[in-house]
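If you read the sequence shown in our numbering, its first letter stands for residue 7, the second for the next number, and so on. The beta-carbon is built from N, C-alpha and C at its ideal position, and this holds for glycine as well. Keep in mind that this is a model prediction, so the values were computed, not measured. Step one of this worksheet: look at the structure below.
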Amino acid sequence: MAQTAEARVRRYKWEVKYEYRSPDCFKKLVIAINGRTPGPSIIAKQGDTIIVELKNSLLTENVAIHWHGIRQIGTPWSDGTEGVSQCPILPGDTFTYMFVVDRPGTYLYHAHYGMQREAGLYGSIRVAVPDGVTEPFSYDYDRSIILNDWYHRSAYEQATRLSSRPFQWVGEPQSLLIQGKGRFNCSSLTTPSLEPGVCNTTTPECSPYVITVVPGKTYRLRISSLTSLSALNFEIEGHNLTVVEADGHYVEPFVVKNIHIYSGETYSVLVKADQDPSRNYWAASNIVSREPVTPTGLAILNYYPNHPRKLPPTTPPTGPLWNDTESRFAQAVAIKSHKGYIHPPPLTSDRVIILLNTQNEIDGFRRWSVNNVSFTLPHTPYLIALKERKGHLFDQKPPPENYDVANYDIYKVQENRNATSSNGIYRLKFNSTVDIILQNANTMNPKNSETHPWHLHGHDFWVMGHGKGKFDPINDPKKYNLVDPIMKNTVSVQPYGWTALRFVADNPGVWAFHCHIEAHFYMGMGVVFEEGVEKVGQLPSSIKGCGETRAH
């Protein structure tokens, strides 16, 4: 009961609007919260209620914010996923999100409307254990660092390119940001800007992010990624990283020189300031899994009392080889639940859904598909349509639960590139145990398979296993980790590989499960699960106002 007595309500008033910013020295429109990108951090204790009063001052576009990693138990309408849990917030309107942070750990928030996340609308959520509760590791100071990639084109331009015929890919990002700061090489601009000073490396806005440390102290760095495309590798020059938490769950600690991190993931690492204190050190993020053309993202680990702007005397780390899938696979397999905090998974599942990830075409438009079906959002959010029994508002035929496992060749470009589009969903029996197998395959380019980080709303899942090649439904489940699998809300599937997840459908609501690469979800790489929607309480009227929910 102590936890309930201590729980408090934390209120935030946020205004979302476009502002000119130069996070990587290049001036462009960003979406800021109260003038900031990344936005204000939410810092709370387990059991607290968070109330965010969000005013949309974007003038010409809608908005919605997803609370990434917060399960929204009892508040599925606050998940912030436009088209799934709510209508978007209209320009000029104010919407109130209210939810409980029921688990300690490192979480995120970000836009979940169109491709707005990559315009700078994101931030961190840090939930501490209640007073008197100890964690299985100790540290002196706590810091949150969000890694991101950054494009100079607007989200509108990106979306238009992706929806063009012929298809125009968005390309690689111009910069990598660490806590909202990066550095673009202004001299590489080939076309002179109409506006003088649009790129200015002397602006303080793009001076490197500084992490100041006191020699001998231990720091908990909560490292998270909200990239729109890139898989990253993060390291601090000359310092070991001890991994202790992943997506809000304690990890059996392991030590690495660098850590791979995919969009939507969070990790806590412990770093001891135990190196030569007379100098500063580089913190670096580098792109992996795609051939990088983007420069290394740099921050400074500043040993007090050195000057925080004193550059390290060394060459910045360039990270592991971008195409070294073995090291990425090895890290995925190494992450286990902390021995003192194991939540044992159910030993068997009631349903197995195999999701083949492919690139396809529909009427000449390039799409991403799951089991040859490319996902589209309905005009009326699923939560409202299902709760009000308006089944005609979306396709009642569920998407396929598997693909032709025996005959499909995952290593080649398919002769039939066509797919279909649908907004049908998977209906899950309440409290049933569901296995999801993510199967990767070749794209529409020969000898190419991409890395996809998949994120599940409303749940954590057990990571039962990772494998190379095609998943074998008979033999591979025999190798699942039933002893100490880590629980996560976001996990990667490696090129030409598979990842197996297990979760219990015990959270009444409608929940998205999708690739966290912004362009891929926009292009149809996602599914939606419904479970126990009849148990959901009365829907707040504030989530309505679009599709068939408009007042007649």
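Proximity of glutamate 248 and valine 261 at Cβ, strictly below 7 Å: For the purposes of this step, residue 248 is taken as residue 242 along the sequence shown, with counting starting at 1. For the purposes of this step, residue 261 is taken as residue 255 along the sequence shown, with counting starting at 1. The sequence given here places threonine at residue 248; glutamate does not occur at that position. Yes, the Cβ-Cβ distance between threonine 248 and valine 261 is below 7 Å.
Residues near isoleucine 442 in its chain [Cβ-Cβ closer than 6 Å; skip 5 each side]: Counting from one through the sequence shown, the residue named residue 442 turns up at place 436. Ile359 and Leu507, listed in sequence order.
Endpoints, the beta strand (DSSP E) within which alanine 511 is located: By 1-based counting over the sequence shown, the position of residue 511 is 505. Alanine 511 -> no beta strand (DSSP E), and no H or E assigned at all.
Sequence-distant residues of the same chain with beta carbon closer than 6 Å to serine 498, five excluded per side: Counting from one through the sequence shown, the residue named residue 498 turns up at place 492. Contacts found: Tyr268, Thr457 and Pro459.
Beta-carbon proximity of leucine 383 to glycine 89, cut-off 7 Å: Taking the sequence shown and counting its residues from 1, one reaches residue 383 at position 377. Taking the sequence shown and counting its residues from 1, one reaches residue 89 at position 83. Yes, they are a contact pair.
Cβ neighbour criterion (16 or more within 10 Å) applied to alanine 518: Here residue 518 refers to the residue found at position 512 when the sequence shown is read from its first residue. Answer is buried; the Cβ neighbour count reaches 16.
Continuous alpha helix (DSSP H) stretch holding serine 333: start and end: Position 327 of the sequence shown, counting from 1, holds the residue named residue 333. 331-340 is the span of the alpha helix (DSSP H), which, as asked, contains serine 333.
Straight-line gap, proline 44 to arginine 228 (C-alpha atoms, nearest Å): Mapped onto the sequence shown, residue 44 falls at position 38. Mapped onto the sequence shown, residue 228 falls at position 222. So the two alpha carbons sit approximately 15 Å from each other.
CA-to-CA distance, arginine 285 to threonine 197, given in whole angstroms: For the purposes of this step, residue 197 is identified with residue 191 of the sequence shown, where counting begins at 1. For the purposes of this step, residue 285 is identified with residue 279 of the sequence shown, where counting begins at 1. C-alpha separation (whole angstroms): 39 Å.
Backbone CA spacing between tyrosine 162 and arginine 123 [nearest angstrom]: Locating residue 162 in the sequence shown gives position 156, where the first residue counts as 1. Locating residue 123 in the sequence shown gives position 117, where the first residue counts as 1. About 12 Å.
C-beta contact flag for histidine 158 and lysine 34 at 7 Å: To locate residue 158, count along the sequence shown from 1; it is residue 152. To locate residue 34, count along the sequence shown from 1; it is residue 28. Between histidine 158 and lysine 34, the C-beta spacing is below 7 Å.
N-terminal and C-terminal residue of the alpha helix (DSSP H) that leucine 392 is part of: The sequence position of residue 392 within the sequence shown is 386, counting from 1. Counting along the chain, the alpha helix (DSSP H) containing leucine 392 begins and ends at 388-393.
Boundaries (first-last residue) of the alpha helix (DSSP H) holding glutamine 164: Taking the first residue of the sequence shown as position 1, residue 164 is located at position 158. Element bounds for glutamine 164: 161-168.
CB contact flag (valine 135, glutamate 141, <7 Å): Indexing the sequence shown from 1 puts residue 135 at position 129. Indexing the sequence shown from 1 puts residue 141 at position 135. Yes, these two residues count as a Cβ contact at 7 Å.
Rounded separation between serine 333 and asparagine 62 - CA only: Reading the sequence shown from its first residue, position 327 is the one you call residue 333. Reading the sequence shown from its first residue, position 56 is the one you call residue 62. Going by the C-alpha atoms only, they are around 43 Å apart.
Distance between phenylalanine 240 and tyrosine 287 (C-alpha atoms, nearest Å): For this step, residue 287 is matched to residue 281 along the sequence shown. For this step, residue 240 is matched to residue 234 along the sequence shown. So the alpha carbons of these two residues sit roughly 13 Å apart.
Range covered by the alpha helix (DSSP H) that runs through arginine 526: Position 520 of the sequence shown, counted from the start, is the residue given in the question as residue 526. Before going further, note that residue 526 is histidine rather than arginine in the sequence given. Looking at the DSSP string, the run of the alpha helix (DSSP H) that includes histidine 526 is 524-528.
Contact with chain B by threonine 66, beta-carbon distance below 7 Å: This model lacks chain B altogether, as it is built from one protein chain only.
Length of the line joining the Cα atoms of asparagine 429 and asparagine 154: As a first step, residue 429 must be located in the sequence shown, where it is residue number 423. As a first step, residue 154 must be located in the sequence shown, where it is residue number 148. Their Cα atoms are separated by approximately 30 Å.
Expected contact under 8 Å - CB spacing of threonine 439 and serine 547 to nearest Å: For the purposes of this step, residue 439 is taken as residue 433 along the sequence shown, with counting starting at 1. For the purposes of this step, residue 547 is taken as residue 541 along the sequence shown, with counting starting at 1. In fact, because the Cβ distance is near 35 Å, the residues do not count as touching under 8 Å.
Counterpart residues of histidine 72 in DSSP-defined beta bridges: Numbered from 1 along the sequence shown, position 66 holds the residue referred to as residue 72. Secondary-structure assignment with DSSP links histidine 72 through a beta bridge to His116.
The region 359-372 contacting the region 408-416, beta-carbon criterion three pairs below 8 Å: yes
Nearest-angstrom Cα separation, counted from leucine 545 out to lysine 19: For the purposes of this step, residue 19 is identified with residue 13 of the sequence shown, where counting begins at 1. For the purposes of this step, residue 545 is identified with residue 539 of the sequence shown, where counting begins at 1. In a straight line, the C-alpha of lysine 19 is about 23 Å away from that of leucine 545.
Cβ pair count under 8 Å reaching 3, the region 384-403 against the region 523-540: Yes: at least three Cβ pairs fall under 8 Å.
Cβ-based burial, threonine 496 [other Cβ within 10 Å; buried from 16]: Numbered from its first residue, the sequence shown carries residue 496 at position 490. So threonine 496 ends up on the buried side.
Candidates Asn422, Ala70 and Gln52: closest to glutamate 59 by CA position: As a working note, residue 59 is residue 53 in the sequence shown. Relative to the Cα of glutamate 59, the nearest Cα in the group Asn422, Ala70 and Gln52 belongs to Ala70.
Counterpart residues of glutamine 365 in DSSP-defined beta bridges: Counting from 1 along the sequence shown, the entry for residue 365 is found at position 359. DSSP output for glutamine 365 lists Trp374 as bridge partner(s).
Close beta carbons around serine 130, own chain, < 8 Å, minus the five adjacent residues each side: Here the question's residue 130 lines up with position 124 in the sequence shown. Only Pro44, Ser47, Ile48, Thr112, Tyr113, Leu114, Tyr115, Ser150, Ile152, Arg228 and Ser230 meet the Cβ criterion.
Backbone CA spacing between valine 469 and cysteine 521 [nearest angstrom]: Translated into the one-based positions of the sequence shown, residue 469 becomes position 463. Translated into the one-based positions of the sequence shown, residue 521 becomes position 515. The straight-line gap from Cα to Cα measures roughly 16 Å.
Host beta strand (DSSP E) of threonine 426 (start-end): Your numbering for residue 426 matches position 420 in the sequence shown. Element bounds for threonine 426: 426-428.
CB contact flag (glycine 515, proline 94, <7 Å): In the sequence shown, counting from the first residue as 1, residue 515 sits at position 509. In the sequence shown, counting from the first residue as 1, residue 94 sits at position 88. In terms of Cβ geometry, glycine 515 and proline 94 do not form a close pair [threshold 7 Å].
Burial state of serine 170 (16 or more Cβ within 10 Å): Numbered from 1 along the sequence shown, position 164 holds the residue referred to as residue 170. Label assigned to serine 170: exposed.
Backbone CA spacing between aspartate 99 and tyrosine 24 [nearest angstrom]: For this step, residue 99 is matched to residue 93 along the sequence shown. For this step, residue 24 is matched to residue 18 along the sequence shown. If you take the alpha carbons of aspartate 99 and tyrosine 24, they lie about 15 Å apart.
Those residues which DSSP pairs with glutamate 25 across a bridge: On the sequence shown, position 19 is the one that residue 25 refers to. Residue pairing for glutamate 25: DSSP places it in a beta bridge opposite Val36.
Short Cβ contact (7 Å threshold) for tryptophan 328 with glycine 530: Along the sequence shown, one-based indexing puts residue 328 at 322. Along the sequence shown, one-based indexing puts residue 530 at 524. No; because the gap between Cβ atoms is not below 7 Å, this pair is not in contact.
Buried or exposed by the 16-neighbour rule on C-beta atoms within 10 Å, applied to alanine 336: Taking the first residue of the sequence shown as position 1, residue 336 is located at position 330. Label assigned to alanine 336: exposed.
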